[in-house]
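Chemist:
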Amino acid sequence: MRLTGDPAPGTMNSSSGSGNFLLVPIPEYPLLDCLPNKTVKIVVLGASNVGKTALIVRFLTKRFIGDYEANTGALYSRKVTLDGEEVSLQIQDTPCVALQDDAEGLYCQEQINRSIYWADGYVLVFSITDHNSYSTIQPLYQHVRRIHPSGNIPVILVGNKSDLLRARQVSADEGETLAASLGGVYFEASARENHEGVHSTFLHLCQEVIRALGGGNGEKRRGGLHLARPKSPNMQELKRRFRQVLSSKVKSSTTL
Ligand SMILES: Nc1nc2c(ncn2[C@@H]2O[C@H](COP(=O)(O)OP(=O)(O)OP(=O)(O)O)[C@@H](O)[C@H]2O)c(=O)[nH]1
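Our numbering numbers the first residue of the sequence shown as -10 and each following residue consecutively.
Put into structure tokens, the structure is as follows:
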């Protein structure tokens, strides 16, 4: 989901009256500031209501948010320190995916396909309280594979809402078995109750991505379907600002 009344992609609303609502801005920085060869692009994917937005927000802000509106796919940018080195991290939230009636194919918006193509690493999320959301993971992974048919795909599987043990429909064993079949690691997490668990989950994936990229983005796999980078409002805004800066530079150099 998208944050209610999100004033600008990449920032958090600061005017909501909800007690549960987060008031802390997520710092955004221009693409030009991205560290060369040190940009990690992650996409968070999963069925409806599993806690994709809640996990991202928890990771970036240490806070849990309760109020949302439908997710339109915000992109969050952050600098993080990994193993003592600064890395530019971009995390793409996505609208939900759903299984088709035959339970094999996926309803997956074009915007999500773009995000999958763009990303270096994948957080596949289900809710431990919703077996259907677990069932979407395997087809979802196959879908990612179709877009990136060759190469290593850094992926982690997250069983969210681990605070709701009494409502559990998916066992930890099922999570681990599925993660192993995808070639990733399984994490159980609670965006609601535990920041540390969520934090180490995302950091693990960042490290996997850096390893897979071999320290440089230039080597990124290119075998798959060619799709443009996702057009999140955040990216549009950054492009607009970039154009603005360029045109002001041109103007000032021509007036000299
Ligand atoms: N108990 C509990 N509730 C959670 C947790 N994470 C998220 N929720 C709640 O689950 C609901 C869905 O969370 P979202 O983060 O919006 O889920 P989403 O996957 O982005 O949802 P879509 O927009 O439908 O794709 C919200 O009511 C959250 O408050 C969790 O760890 N524990």
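For every residue, glycine included, the Cβ atom is placed at its ideal position computed from N, Cα and C.
What did DSSP end up calling ILE145 once you bin it into helix, strand or coil?
Modeler: Strand, per DSSP.
Chemist: Can you give the Cα-Cα distance for SER122 and CYS85, rounded to whole angstroms?
Modeler: The straight-line gap from Cα to Cα measures roughly 10 Å.
Chemist: State the Cα-Cα distance for the pair ARG155 and GLU177, rounded to the nearest angstrom.
Modeler: When rounded, the distance between both Cα atoms is 15 Å.
Chemist: LEU153: which of GLN79, GLY62, ASP82 and ARG181 sits nearest, CA to CA?
Modeler: Answer by Cα proximity: ARG181.
Chemist: Quick one: what does DSSP say LEU64 is sitting in, helix, strand or coil?
Modeler: Here LEU64 sits in strand by DSSP.
Chemist: Taking the CB atoms as reference points, tell me whether GLN81 and ALA108 lie closer together than 8 Å.
Modeler: In contact: GLN81 and ALA108 (Cβ atoms closer than 8 Å).
Chemist: Taking buried to mean at least 16 other C-beta atoms within 10 Å of its own C-beta, is TYR130 buried or exposed?
Modeler: By the neighbour-count rule (16 or more Cβ atoms within 10 Å), TYR130 is buried.
Chemist: Let me check one thing: in DSSP terms, what residues is GLN79 bridge-paired to?
Modeler: Per DSSP, LYS30 and SER66.
Chemist: Within 10 angstroms of its Cβ, does ASP119 collect 16 or more other Cβ (buried), or is it exposed?
Modeler: Under this definition ASP119 is a buried residue.
Chemist: Just verifying my parser: in three-state terms, what is the DSSP assignment at ALA178?
Modeler: Correct three-state label for ALA178: coil.
Chemist: Measuring only from the beta carbon, is CYS186 closer than 7 Å to any heavy atom that is part of ligand 1?
Modeler: Residue identity differs from the one stated: residue 186 is Gly in this sequence, not Cys. False, no ligand heavy atom lies under 7 Å from that Cβ.
Chemist: Give the DSSP bridge partners of GLY35, in chain order.
Modeler: GLY35 pairs with VAL114.
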